[in-house]
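Just so we're aligned: the sequence shown equals residues 82 to 844 in the numbering used here.
Notes to accompany the following structure.
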Amino acid sequence: MRIIQITLLASAAAVATQSEAAIEVDFAISPEQQSHTISPLIYGTNHRMYMGGNANLGFYRFGGNRTTGYNWENNFSSAGEDWYNSSDDYLTPTGVDGSAPAITYTDFIENSIAPGAKALLTLQMAGYVVADGDGEVTLEEQAPSSRWVPALPRKNAPFSLTPDLNDNAVYMDELVNLLVSRYGRADEGGVLAYSLDNEPALWSQTHPRIHPDKLTAAELIDRSVALASAVKDVDPSAKIFGPALYGFGAYNSLQDAPDWASNSPAYQWFIEYYLEQMHNAADSGSGRLLDVLDLHWYSEATGDERVTTVGANTRADQIARLQGTRSLWDEGYVENSWIGQYFSSFLPLIPRVKSSIANYYPGTELAFSEYSFGGNDHISGGVAQADVLGIYGKYGVYAANAWLLQDDASYITAAFQLYRNYDGNNGEFGDISVGASMSDKENSAIYAAVDSENGDLHLVVINKNIDEALNGQFTLAAASGYDSAAVFALQDGLAEIQSMDGFAISGDSFSYTLPAVSAYHFVLSKTGSSSSSSSSSSSSSSSSSSSSSSSSSSSSTSSTSSSSSSSSSSSSSTGGACTAMCDWYGQGLWPLCEHTQGWGWENNQSCIGEATCNSQNGSWGVVDSCGSTSSSSSSSSSSSSSSSSSSTSSTSSSSSSSSSSSSTSSTSSSSSSSGGSTGGGINVLIDVNNDWGSGYCASVTFINSSSQARSLNVEFLVDGTVTNVWNATWSQTGPHLHVQGLAWNSTLPGLGSDSSIGFCANR
82 MRIIQITLLA
92 SAAAVATQSE
102 AAIEVDFAIS
112 PEQQSHTISP
122 LIYGTNHRMY
132 MGGNANLGFY
142 RFGGNRTTGY
152 NWENNFSSAG
162 EDWYNSSDDY
172 LTPTGVDGSA
182 PAITYTDFIE
192 NSIAPGAKAL
202 LTLQMAGYVV
212 ADGDGEVTLE
222 EQAPSSRWVP
232 ALPRKNAPFS
242 LTPDLNDNAV
252 YMDELVNLLV
262 SRYGRADEGG
272 VLAYSLDNEP
282 ALWSQTHPRI
292 HPDKLTAAEL
302 IDRSVALASA
312 VKDVDPSAKI
322 FGPALYGFGA
332 YNSLQDAPDW
342 ASNSPAYQWF
352 IEYYLEQMHN
362 AADSGSGRLL
372 DVLDLHWYSE
382 ATGDERVTTV
392 GANTRADQIA
402 RLQGTRSLWD
412 EGYVENSWIG
422 QYFSSFLPLI
432 PRVKSSIANY
442 YPGTELAFSE
452 YSFGGNDHIS
462 GGVAQADVLG
472 IYGKYGVYAA
482 NAWLLQDDAS
492 YITAAFQLYR
502 NYDGNNGEFG
512 DISVGASMSD
522 KENSAIYAAV
532 DSENGDLHLV
542 VINKNIDEAL
552 NGQFTLAAAS
562 GYDSAAVFAL
572 QDGLAEIQSM
582 DGFAISGDSF
592 SYTLPAVSAY
602 HFVLSKTGSS
612 SSSSSSSSSS
622 SSSSSSSSSS
632 SSSSSSTSST
642 SSSSSSSSSS
652 SSSTGGACTA
662 MCDWYGQGLW
672 PLCEHTQGWG
682 WENNQSCIGE
692 ATCNSQNGSW
702 GVVDSCGSTS
712 SSSSSSSSSS
722 SSSSSSSTSS
732 TSSSSSSSSS
742 SSSTSSTSSS
752 SSSSGGSTGG
762 GINVLIDVNN
772 DWGSGYCASV
782 TFINSSSQAR
792 SLNVEFLVDG
802 TVTNVWNATW
812 SQTGPHLHVQ
822 GLAWNSTLPG
832 LGSDSSIGFC
842 ANR
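Below, the structure is given as structure tokens:
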């Protein structure tokens, strides 16, 4: 155990406690077990749900309740029961000519979709679309009436790019023709796919002015076949998604459709009936009319509240959310919900649906064009989203579009970035799924994929435990050849991806500690690979990296890297060139980041932003380096100890000795700090619960021993560079680590109240 110096801004004396072990999880990865290509369409979102920052999405859907009554000829739509059955121009983009045919869709395609991404557009199938934008439609004005226009699958006449607004009809195949004429067919880069309307089982509830009667199973099939065949006649290469079922009630019985009782004895659930009927339509000579079975899944998992409820972030809610993702794949898990209680035989969902597909319409793909596990603005939501994206890739889902339940979706965005823009340069998770397993599926998850272009191995690893760090022991299949790793993290306190220190891999195994409720992306490379994320030049300060059996080797490797970096600097000096570098508190020179603010990872090395560099106190900051200062210091650990760089290449036992020395110094300083404390009233319990020589993790518990409320506002003098902090926001200036509590733990209200944070650091 190490005592770390604490300077309390509000208080108190420090007391060391007995170490508590973190969760131990074994991960096995088999890069040669390549199973399938991961569809880029699983990284998708829905219309008007724009994520802050660049998430590099692969798939965009225009769907939702508004699209059922959308009239592409005049761009008016119906809110249905969501807002007084209002017919209006809500879907018309701002600043465009609303009279332009299909401007709602064409603007979406041209201005809302990232280059190279694909689109899914919803077609109208309920029978009518709005005729005007005159506001509320009364019960007496329900269809058919002058407030509505019939929506028909086929025109059965020559198409026009300027549709007739006075023919009392809107044709779906004419809309598809307009889009094909503008963008080409799907196989030519045009609109990839069309959805057969939206959540038809709820038409009578959501759109009672359009379809007041409950939908029957037979009617849904008839309408689906008619619309799908009309689309395929215009663009045979387009994908058809259907039937966009809202949730389990529709999966099971089409929301108790009037004719379901007469059909149900032959099927286990409505999904099987739908698949077989669409299969029969294809066999009758129409060709495949359903390419993708499309479902919506809003998790019903419940803690104190249903996890998709906005603000449902209690401890119980977080646990339910993080475990609820297992309902998608884990046969040994039963979620706390009415589905888990009464319909557990239909879970886990993905294997169950795929079994129905195999039995009733082989070759049909699976999509979730709307889904959510809640927690959009909470770390548990971000980690759950990262878990879901991994599940979709591992279990062969074809397409998926997240539905954002609130405006602040910062953690959901970060989860997408973990897979699609982890390095700020659109770095992507691998595209070939490979074998990976974990020893503890309750507390962890792992997803692995190989990049088919450069051979890099990508791992997304998740710690689902909201209290404890996770010590991961990673074993690669024999002779995998991966020898370095870059690391990127999503963790509590910062809804963005952080670049962590990379590390060397020796002997096809390594260890790494993940803080509570976090998701990490490891990019493993081989020497000489073309990966832009190679970490071979990273420092010896490897966040919780290297297994105990190879820690000495890892340190030696880092020392070699430092020597190489020094040689490079010397060569630059010989050539007479000077480069702007960051003198970081006199500990060495670090490259300046070109794009990243703060600390980052660019051009295969750690770097620091210019503004952050110049924010240091004292005389340190950006300097011109002409080779006079060895860069070996900058590529070694940014440790605050005064030992020479030779300690970087020492063995584990030597590092341990250095730690002991630092601990003595810290204890002395801590005593001095406590003696000079202002205020008081907070006891501090410090627990270094994992120390592997080149780094460590610690937890800190604060207990209010006074009758007054105290703010959680703490400064540490730490040994090394902190890589992550959980349950607090943080900043580091040289050896000083400043942490403040989050909204939920920023104040210790009174006597006996307590709160805990934790951190990991490299030496």
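Glycine is no exception: its CB is placed at the ideal position from the N, C-alpha and C atoms.
When you compare each of the options to residue i by their alpha carbons, which one comes out closest?
i: Leu374; options: Tyr209, Asn127, Ser305 and Ser580; result: Ser305
i: Ser241; options: Glu154, Arg266, Gly323 and His288; result: Glu154
i: Ala307; options: Ser334, Leu371, Gly328 and Val272; result: Leu371
i: Ser450; options: Leu409, Gln572, Asp188 and Leu326; result: Leu326
i: Ala109; options: Val795, Thr148, Met519 and Phe584; result: Met519
i: Tyr414; options: Lys522, Tyr473, Pro443 and Val315; result: Lys522
i: Ser792; options: Ala809, Glu222, Asp800 and Val799; result: Ala809
i: Gln399; options: Asp664, Pro346, Glu381 and Ile547; result: Ile547
i: Leu538; options: Ile838, Ala274, Val604 and Ala136; result: Val604
i: Pro830; options: His817, Gln789, Asn805 and Thr804; result: Gln789
i: Asp268; options: Met662, Ser318 and Asp248; result: Ser318
Do you know offhand how far residue i's Cα is from residue j's?
i: Gly208; j: Asp303; result: 12 Å
i: Val434; j: Thr185; result: 33 Å
i: Ala298; j: Asp278; result: 15 Å
i: Thr828; j: Ser836; result: 9 Å
i: Asn843; j: Arg407; result: 33 Å
i: Gly368; j: Lys320; result: 12 Å
i: Ala103; j: Tyr777; result: 12 Å
i: Gly508; j: Ala576; result: 18 Å
i: Ala401; j: Thr383; result: 6 Å
i: Asn785; j: Gly815; result: 29 Å
i: Ser561; j: Asp582; result: 22 Å
i: Val478; j: Ile513; result: 13 Å
i: Val261; j: Asn156; result: 19 Å
i: Gly144; j: Gly328; result: 15 Å
i: Leu122; j: Val469; result: 14 Å
i: Glu691; j: Leu798; result: 24 Å
i: Gln554; j: Leu595; result: 11 Å
i: Phe424; j: Tyr503; result: 38 Å
i: Ile527; j: Pro339; result: 44 Å
i: Ala566; j: Asp488; result: 35 Å
i: Ser834; j: Val781; result: 14 Å
i: Gln349; j: Ser453; result: 26 Å
Check the C-beta distance from residue i over to residue j and give it rounded, since I have them as a contact under 8 Å.
i: Pro244; j: Pro182; result: 6 Å
i: Arg228; j: Ala212; result: 5 Å
i: Ala200; j: Val272; result: 5 Å
i: Trp484; j: Met132; result: Actually they are not in contact, since the Cβ atoms of Trp484 and Met132 sit about 12 Å apart, beyond 8 Å.
For the alpha helix (DSSP H) containing residue i, list its first residue and its last residue.
i: Met253; result: Met253 to Tyr264
i: Val464; result: Ile460 to Lys475
i: Asn120; result: According to the sequence displayed, residue 120 carries Ser and not Asn. Taken as a continuous stretch (DSSP letters only), Ser120 belongs to no alpha helix (DSSP H), as it is neither H nor E.
i: Pro432; result: Leu430 to Tyr441
i: Gly125; result: Taken as a continuous stretch (DSSP letters only), Gly125 belongs to no alpha helix (DSSP H), being part of the beta strand (DSSP E) at Gly125 to Asn127.
i: Trp419; result: Trp419 to Tyr423
i: Asp188; result: Ile184 to Asn192
i: Phe427; result: Here Phe427 belongs to no alpha helix (DSSP H), and DSSP marks it neither H nor E.
i: Tyr492; result: Ser491 to Arg501
Any idea which residues DSSP pairs residue i with across the strands?
i: Lys320; result: Ala274
i: Ala517; result: Ile110
i: Glu300; result: BP columns for Glu300 are empty, so no partner.
i: Leu540; result: Ala529 and Phe603
i: Met581; result: Val568
i: Arg791; result: Leu829
i: Ala393; result: In DSSP, Ala393 forms no bridge with anything.
Taking the beta strand (DSSP E) that residue i belongs to, which residues open and close that run?
i: Asn552; result: Leu551 to Leu557
i: Tyr528; result: Ser525 to Val531
i: Ile838; result: Asp835 to Asn843
i: Ser816; result: In the sequence under discussion, the amino acid at residue 816 is Pro, which differs from the Ser named in the question. Segment: none, Pro816 is in no beta strand (DSSP E) and carries neither H nor E.
i: Gly776; result: Gly776 to Asn785
i: Leu356; result: Looking at the DSSP string, Leu356 is not in any beta strand (DSSP E); the run it does join, the alpha helix (DSSP H), is Phe351 to Ala362.
i: Tyr452; result: Glu446 to Ser453
i: Arg142; result: Phe140 to Phe143
i: Trp229; result: Trp229 to Leu233
i: Ser167; result: Ser167 to Asp169
Would you please verify whether the beta carbon of residue i is less than 8 Å from any beta carbon of chain B?
i: Pro121; result: In summary, chain B is missing from the structure at hand, where a single protein chain is found.
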